[in-house]
Amino acid sequence: MEERQQTEEKVVEEEEPQNKAAAAEEANNNNQGNNIVQGNPSLEARVFEEQQQQQRMEDAGVQNPAEEKPENKVTEEDQAQRMQQQQQQMQDNAQKKLAEPTQQHDHQQQQQNDEAHHQTSEVVSSGMIPKESKESKRSWSTQAGESESQKERRKEDETKGQDSELPKDTWQLCNVTAGPDYIPCLDNEKALKKLRTTGHFEHRERHCPEEPPTCLVPLPDGYKRPIPWPTSRDKIWYHNVPHTKLAEFKGHQNWVKVTGEFLTFPGGGTQFIHGALHYIDFLQRAVPKIGWGKHTRVILDVGCGVASFGGYMFERDVLTMSFAPKDEHEAQVQFALERGIPAISAVMGSKRLPFPSAVFDLIHCARCRVPWHNEGGLLLLELNRLLRPGGYFVWSATPVYQKLKDDVEIWQAMSALTVSMCWDLVTIKRDKLNKIGAAIYRKPSTNDCYDQRKKNFPPMCPNDDDPNAAWSVPLQACMHRVPSEPSIRGSRWPDDWPRRLQKPPYWLNSTQMGIYGKPAPQDFTADYHHWKNVVTVTYIKGLGINWDGVRNVMDMRAVYGGFAAALKDMKVWVVNVVNVDSPDTLPIIFERGLFGIYHDWCESYSTYPRTYDLLHADHLLSKLKTRCKLVPVLAEVDRMLRPGGTFIVRDESSTVGEVEGILKSMHWEVHLTNNNDKQGILSAQKGDWRPETFALSSS
């Protein structure tokens with residue numbers, strides 16, 4: 001416990017020169033992100049009322065006088081006292097526990113049920129498509145198997161598929177309220193009207209249509225091909241995302257401004273109006289062990305706003321998965337993706353986020369206004385599930401650096417909760433330039449504190465609760481034990497970036513058969529070399545793709561993330577999708593310093609239309625045909641891909657032929673088809689064509 005009683009950094013105010021041209025003192029305004037508050041209706045009503053008052057003040061350019069008073073600011077002495085109080089709480093808990101009789105603790109044991117198999121299927125480096133080993137499927141769990149709620153859905157899906165009749169000339173425009181911004185699973189008006197409650201933001205969660213759409217989303221008037229990266233980080237075409245409310249509300253915080261035919265992004269946010277890079281470096285100075293781009297490689301940004309934080313993190317060689325709810329602040333995630341910054345539309349509501357456990361090196365919340373302390377810490381416990389043992393949580397919010405009544409109450413509740421969760425308060429730092437502060441916590445890397453707690457609150461999760469089950473799984477107000485066996489994932493930190501990219505994870509077992517039939521570590525290495533060869537020889541040189549115009553990339557069926565790894569030196573980012581009925585390899589992808597998400601391609605993906613430059617589908621569509629129809633899947637591909645974007649398909653020859661016919665019916669230009677030995681490859685480019693008529697109803 002001695003080590004836990006010490007903090008790594010002294011609580012010191014960050015000394016920065018005052019910027020004479022700086023904006024005035026920040027108002028008690030909306031977060032850089034969004035209202036993703038989850039809780040009881042009375043809390044929502046209070047927060048909504050506060051938001052409205054804040055917004056009226058912002059619109060009028062009025063500052064909150066309460067924040068200007070020195071007595072409402074947390075001083076350096078206050079910060080030191082807070083640190084001492086948190087340390088004392090942890091010491092008291094430990095001493096009380098030592099005075100009690102020793103109790104027996106049930107430790108969840110990880111069983112290795114997979115046996116070695118001798119049959120292999122070579123992953124050759126000649127560019128041939130590797131075949132998935134049938135026997136290897138027994139060695140891997142899937143999200144559909146881990147998530148009980150998916151069992152009935154899979155039974156229904158098995159009766160579908162096998163129907164890929166071409167619409168030919170019958171394509172129509174989607175007739176929906178959302179128009180050019182239509183996201184089928186987030187804009188399902190019929191389902192939303194049937195909701196009995198929205199107290200946990202159920203109206204921002206996924207509600208997919210019973211029948212996936214087979215219509216095409218219209219283009220916004222005046223749409224132009226996107227501005228390439230890195231210029232796009234700072235400006236985009238106004239008509240591509242013609243929304244101005246956010247500029248009106250947040251312009252004074254340097255979020256976004258309207259500049260002629262462009263929307264421009266000065267790089268600011270509610271907590272860093274003087275620039276994201278200054279703020280990023282401020283955090284590094286606060287806790288040097290964060291080690292941007294080496295120790296810390298993959299992070300999660302909660303309530304991301306227009307994602308300037310994630311956009312500037314690329315300069316520190318860090319990948320940021322940013323998310324925010326749809327429509328909380330007009331089109332914020334759409335702005336992010338148009339800028340070339342990774343983001344998804346998601347909410348912390350009633351279900352787990354679609355990521356495995358213990359995969360993010362750091363989680364960031366800048367004024368995200370999530371009530372972390374409510375309902376037994378339900379939402380903070382979800383972050384605890386996602387955070388690696390030893391990983392950091394950065395909380396930059398008014399309760400950290402203000403002494404208003406509500407802020408003090410929230411700080412006290414948060415302090416009690418984090419102590420009970422065994423999180424170390426590493427430091428509290430003030431940034432004088434931006435006039436904000438940040439509290440930085442660290443999740444424990446051992447079970448020592450859990451075993452010494454006097455009270456089992458929050459409770460430890462039952463042994464049968466799978467922390468990796470994340471697809472449509474309700475949130476659980478509990479904590480999972482830290483793996484202690486050295487061969488189990490999470491028992492130690494990954495290698496520094498970029499070494500972790502090429503090296504098989506330490507927990508990949510040679511007795512487990514890999515996806516393609518080799519022992520798992522060898523399978524991983526062979527897959528990496530295979531995709532390096534395919535990308536270099538075929539994709540970069542052989543498909544005629546203008547890679548200067550490619551920024552946002554998706555691998556629709558990632559296995560080990562080899563395709564994304566092969567693109568490391570390109571100025572692109574790749575989101576790796578692991579289908580819910582595929583072997584659950586997503587933890588491997590995160591371990592190597594890449595990122596991804598779980599998804600079911602029989603449903604629409606949670607992104608805005610026209611947000612990807614390149615979609616890659618390796619042996620995906622032939623598998624999907626057994627569960628769902630091909631036409632809606634390709635309509636979804638058309639929705640996600642930008643005009644001028646590329647779709648690469650590698651699959652069985654018969655499936656490649658079907659895909660070619662459907663894409664041509666949408667007036668796509670097919671550049672390459674090559675069928676050999678029952679396997680084929682197709683490269684096609686989406687054009688600007690749209691149907692002239694609207695469907696009768698699309699949702």
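Numbered according to the UniProt record's numbering, the sequence shown spans residues 1 to 699. Note that CB positions come from ideal geometry on N, CA and C, so glycine has one too.
>> My assumption, with CB atoms under 8 Å, is that S322 sits in contact with G310. Please give the rounded CB distance.
In response: 4 Å
> Which residue's Cα is closest to the Cα of A191: H200, W471, Y182 and P209?
Replying inline: P209
>> Looking at F262: is its Cβ nearer than 8 Å to the Cβ of Y223?
In response: no
> Helix or strand or just coil, what does DSSP make of L237?
Replying inline: According to the sequence shown, residue 237 is Trp rather than Leu. W237: strand per DSSP, three-state reduction.
>> Rounding to the nearest angstrom, what Cα-Cα distance links N546 and P498 in this structure?
In response: 26 Å
>> My output table needs one value for R72: the three-state DSSP class, helix, strand or coil.
In response: The amino acid occupying residue 72 in the given sequence is Asn; Arg does not appear at that position. The answer is helix: DSSP assigns N72 an H, G or I state.
> Taking DSSP as the reference, what is the three-state secondary structure of L682?
Replying inline: strand
> Which class does A336 belong to by DSSP, given the choice of helix, strand or coil?
Replying inline: helix
> Count the other CB atoms within 10 Å of the CB of W668; is the residue buried (16 or more) or exposed (fewer)?
Replying inline: buried
>> Measuring straight from C-alpha to C-alpha, what distance separates P659 and T646?
In response: Correcting the residue type first, residue 659 is Val in the shown sequence and not Pro. One C-alpha to the other measures close to 14 Å.
> Touching or not, the region 227-235 and the region 339-359, by the rule of three or more beta carbon pairs under 8 Å?
Replying inline: yes
> Alpha carbon to alpha carbon, what distance is there between T538 and S683?
Replying inline: 11 Å
>> Quick check for students: name the residue ranges of the beta strand (DSSP E) that lie wholly in the region 318-397, counting only runs of 3 or more.
In response: 319-324, 343-345, 360-366 and 387-396
> What separation, rounded to the nearest whole angstrom, lies between the Cα atoms of P180 and V217?
Replying inline: 6 Å
>> Please return the same chain residues whose Cβ sits closer than 7 Å to the Cβ of T525, not counting the five positions on each side in sequence.
In response: P504
> When burial is assigned at 16 or more other CB atoms within 10 Å of the CB, is K686 buried or exposed?
Replying inline: buried
> Does the distance from the C-beta atom of H480 to that of S357 stay below 8 Å?
Replying inline: yes
> Helix, strand or coil: which one does DSSP assign to F265?
Replying inline: coil
> Just how far apart, CA to CA, sit E202 and P462?
Replying inline: 26 Å
>> For Q452 and M421, I'd like the C-alpha separation in whole angstroms.
In response: 12 Å
> For residue 705, which option in Q88, D301, C478 and P444 has the closest C-alpha, if you only look at C-alpha atoms?
Replying inline: Here the chain covers residues 1 to 699 and nothing more, so residue 705 does not appear.
> Going along the chain, which residues of its own chain have a beta-carbon closer than 8 Å to the beta-carbon of L379, five neighbours each way excluded?
Replying inline: Q38, M348, V370, P371, W372 and L475
> Is the distance from the Cβ of K326 to the Cβ of L186 below 8 Å?
Replying inline: yes
>> Taking the alpha-carbon of K194 as reference, which of H207, P184 and A439 has the nearest alpha-carbon?
In response: H207
> What residues in its chain sit with their C-beta under 7 Å from that of Q271, if we drop five residues either side in the sequence?
Replying inline: Q32, Y279, A366, R367, S396, N434 and I436
> What separation, rounded to the nearest whole angstrom, lies between the Cα atoms of I440 and P288?
Replying inline: 12 Å
> Which runs of the alpha helix (DSSP H) spanning at least 4 residues fall entirely within the region 422-478, listed in chain order?
Replying inline: 448-452
> Taking the alpha carbon of V241 as the point to measure from, which residue in A178, E211 and G291 has its own alpha carbon closest?
Replying inline: A178
> Who pairs with V649 in a beta bridge, going by DSSP?
Replying inline: A617 and L682
> With distances taken between CB atoms, is the gap from H561 to N579 smaller than 8 Å?
Replying inline: Before going further, note that residue 561 is Gly rather than His in the sequence given. For G561 and N579, no; Cβs fall outside 8 Å.
> What is the DSSP secondary structure of N509, reduced to helix, strand or coil?
Replying inline: coil
> Quick one: what's got a C-beta closer than 7 Å to A60's C-beta in the same chain, skipping five residues either side?
Replying inline: Reliability of the predicted coordinates at A60 is poor, the pLDDT of 35 falling under 50, and the value obtained from them is presented with this limitation in mind. Cβ within range, chain order: n/a, list empty.
> Looking at the unbroken alpha helix (DSSP H) that takes in T418, where does it start and where does it end?
Replying inline: K405 to S420
> What did DSSP end up calling P228 once you bin it into helix, strand or coil?
Replying inline: coil
>> At the level of alpha carbons, what is the spacing between L417 and I681?
In response: 53 Å
>> Could you tell me the alpha carbon to alpha carbon distance between V574 and A566, rounded to whole angstroms?
In response: 11 Å
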